[in-house]
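These notes are about the structure you will find just below.
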Amino acid sequence: MNYVDWLDKPYYSLNAYFKNTYGQKIYKIAVNAGLSCPNRDGNLDTRGCIFCSKGGSGDFAVKLDESLGDELAVQTDGKASAGRKILSVKQQIVQGKSRFNKEAGDRFVIYFQAFTNTYGNPEYLRRIWTEALEEENVVGISIATRPDCLGKEIMEVLRELQDKFCSELDSHSKFIWVELGLQSIHDKTAEYIRRHYPLSEYEEAVRKLHKLSIPYITHVILGLPGETKEEMLETVFYVEQGVFEQDSHSKIKPFGIKLQLLHVLEDTDLAKDYRQGKFQTMEMDEYIDLVIDALQRINPEIVIHRVTGDGPKNILIAPTWSGNKKMVLNTLHKRMKEREARQGDYSIMLW
Ligand code: SF4
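Read in order, the letters of the sequence shown correspond to residues 6 to 356 in this note's numbering.
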């Protein structure tokens, strides 16, 4: 059952969502706000999640600029890593936009990707999010974060900006999305990857965002060490089913899901375990079949923001086949055709 045009894909891709909503392609500009993460600055841990690269999973953000001094360390009230030099978010947006010519596209979403993007001084966050939302030709912002970093002050800022920029009555309305890095629902995995928050924290974050009508996108990693295929699909099913609203029998549904292949990246503790032979990464065929099984369980109204990984090639150790994203996507689409599979084939319509 399709309510919208999926273009030519057997699942509801983000690209299709943007085309349906804005009538054109929307380009993503990933920015680095110079923030840190409680999993790195010693608040919860100093080592980071076991798979997280030095770039805090933001390796595609507009590059840091060594010529600019440490302006950001002041801006973020000490939360930026010492000595990190960076363009301001506004400058990164301008630089990001300049990479596209008019024919390629002229509307953008600003993706706050690197590290934990609600972990900083609320004043600073208000300023950079506002700047991004005020930028011409920006349709919205997407903020990647941890569920345990949505405290009262941050939620107040989000409420203020949601009221100011995201009115349904305004034809120029923009959006604010929040992306939650869940990765797995299984405690043993959460412990292994050093996530440092319980599943209940994720559910609480979903409820808080729902109160502000902010759509959320959940990140799931497929291929984490020690997990069976069934366990991975359990996580996908849990996420797509949504979270119970308090004092109600209805569920809060995700706007989107990101399915990410586990990457082993240089300079991570995951790389050490991999090199010691403690686990193996997935083969492409195995991954493709798993993604198809996952998509078949996901309600067709949920937007699929990603079906593979985007590990930066210069630090990617394994699986190397994932470096050829085009081939992975082509194989996925071909295999879905062969299997006559589509997103939502087996989703239970409890919506
Ligand atoms: S929470 Fe995110 S930024 Fe922090 S260590 Fe984990 S993956 Fe990296």
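Beta carbons: idealized from backbone N, C-alpha and C, even for Gly.
query: Should asparagine 44 be listed as close to the ligand SAH, given that the test is whether its C-beta is under 7 Å from any heavy atom?
result: Questions concerning the ligand SAH fall outside what the structure shown contains, since the ligands it does hold are the ligand SF4.
task: Could you check the C-alpha separation between glutamate 196 and threonine 233 for me, to the nearest Å?
output: 16 Å
query: serine 255 to glutamate 209, Cα distance in whole Å?
result: 15 Å
- prompt: Quick one, which of Arg151, Gly261 and Val296 has its alpha-carbon nearest asparagine 20's?
  reply: Gly261
Where arginine 347 falls: helix, strand or coil (DSSP): coil
query: Who are the near neighbours of leucine 337 in its chain, counting only those whose CB is closer than 8 Å to its CB and skipping five residues on each side?
result: Ile293, Val296, Ile297, Val312 and Thr313
field: Whole-angstrom distance between asparagine 126 and glutamate 343, CA atom to CA atom
entry: 51 Å
message: I need the straight-line Cα distance from arginine 280 to threonine 273, nearest angstrom please.
response: 11 Å
query: Hey, is glycine 328 close to the ligand SF4, as in C-beta under 7 Å from one of its heavy atoms?
result: no
query: Just how far apart, CA to CA, sit glycine 316 and alanine 35?
result: 14 Å
task: Would you grab the beta carbon distance between asparagine 304 and glycine 349 for me? Rounded to a whole angstrom, and I think it's under 8 Å.
output: 6 Å
query: Can you give the beta carbon distance from valine 211 to phenylalanine 180, rounded, assuming they're within the 8 Å contact cut?
result: Contact flag wrong, Cβ pair sits at about 17 Å.
- request: Would you decide whether histidine 191 is buried or exposed? Buried here means 16 or more other CB atoms lie within 10 Å of its CB.
  value: buried
Per DSSP, cross-strand counterpart(s) of lysine 33: Val114
query: Alpha carbon to alpha carbon, how far is glycine 328 from valine 99?
result: 28 Å
- prompt: Taking C-beta to C-beta, are phenylalanine 105 and tyrosine 32 nearer than 8 Å?
  reply: yes
task: Please classify asparagine 37: is it buried, with 16 or more other beta-carbons within 10 angstroms of its beta-carbon, or exposed?
output: buried
- prompt: Cβ of glycine 186 versus every heavy atom of the ligand SF4: is any distance shorter than 7 Å?
  reply: yes
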